[in-house]
Amino acid sequence: MKIWSSEHVFNHQWENVVKAALQKYPNPYNPSVIGVDVIDRTVENGILKSHRLMATQWQMPSWTHKILGGNRVCYASEHSRVDLDKKEFSLRSRNLTFNNIVHVDEKLTYSIHPEDNSKTLLKQEAQITIKNAPLIDYLENMMASKINSNAQIGRQAIEFVIHKMNNITDAAADVAHFSESA
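For reference, each letter of the sequence shown is one residue, going 1 to 182 in the UniProt record's numbering.
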């Protein structure tokens, strides 16, 4: 088993980061994510709970398909909670594809930065377990490296969505100002 963890600070308020994270797909930084479907969404005691199914398409070497079978589309299940009172957004995801060989359990938590409430702290952790395969340590380390790379891409995607949201807000303000002065 391999555990990977990371922390990142967004220079944006928690509400904006959460809005962006919820609208992250599709984006040009994560073209491997080809679909996100909401399976269930409820509000319980003021907490928004969601269950989503993620479809991703990985560029794996052709020899892996001979060993693992299947096609290039992989699925993961994601459960999330947005707690407005605690200002915490947490996600847990687990792969559904190839789970007889590999388990990847990932947890992300977005919270207000403890030292600066105008910033958001993201904590990420992934637990990688490979079983019944040769070179387990090598494969777990390779997957941890890929998760690290994807985490950096995911952060860029959130920044992209925040920038896009800000541009829309600015454009709407310009239209409103123009309408008032006309």
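Glycine residues also receive a C-beta, built at the ideal position from the N, C-alpha and C atoms.
Predicted model only: the values in this text are computed from it and were never measured.
Asked                                                                                                                                                       : Found
So which of Ser5, Ile3, Trp14, Glu106 has the shortest CA-CA distance to Asp116?                                                                            : Trp14
Find out if the Cβ-Cβ distance for the pair Leu108, Gln127 is shorter than 8 Å.                                                                             : no
Determine the direct distance from the alpha carbon of Phe10 to that of Asn148, and round the result to whole angstroms.                                    : 17 Å
Classify Trp58 as helix, strand or coil using the three-state DSSP reduction.                                                                               : coil
Does the separation of the CB atoms of Val82 and Leu48 fall below 8 Å?                                                                                      : yes
Quick check on the burial criterion: 16 or more other C-beta atoms within 10 angstroms. Buried or exposed for Val38?                                        : exposed
Using the rule of at least 16 other Cβ atoms within 10 Å of the residue's Cβ for burial, across every protein chain shown, is Arg52 buried or exposed?      : buried
For a quick check, are the C-beta atoms of Glu7 and Leu122 less than 8 Å apart?                                                                             : yes
Within 10 Å of its beta-carbon, does Glu140 have 16 or more other beta-carbons around it, so buried, or fewer, so exposed?                                  : buried
Could you tell me how far apart the beta carbons of Thr42 and Cys74 are, in whole angstroms, since I believe they sit closer than 8 Å?                      : Going by Cβ atoms, the distance from Thr42 to Cys74 rounds to 27 Å, so no, they are not a contact pair.
Whose C-beta lies closer than 6 Å to the C-beta of Arg94 among residues of the same chain, with five residues either side of it excluded?                   : Ser77, Asp105
Report the rounded CA-to-CA distance for Met142 versus Ser80, giving the unit in angstroms.                                                                 : 27 Å
Give a yes or no on whether the C-beta atoms belonging to Ile101 and Ala55 are separated by under 8 Å.                                                      : no
State the CB to CB distance for the pair Phe160 and Tyr29, rounded to an integer number of angstroms; the pair is presumed to be in contact (CB under 8 Å). : 6 Å
What's the C-alpha gap between Glu88 and Ala151?                                                                                                            : 19 Å
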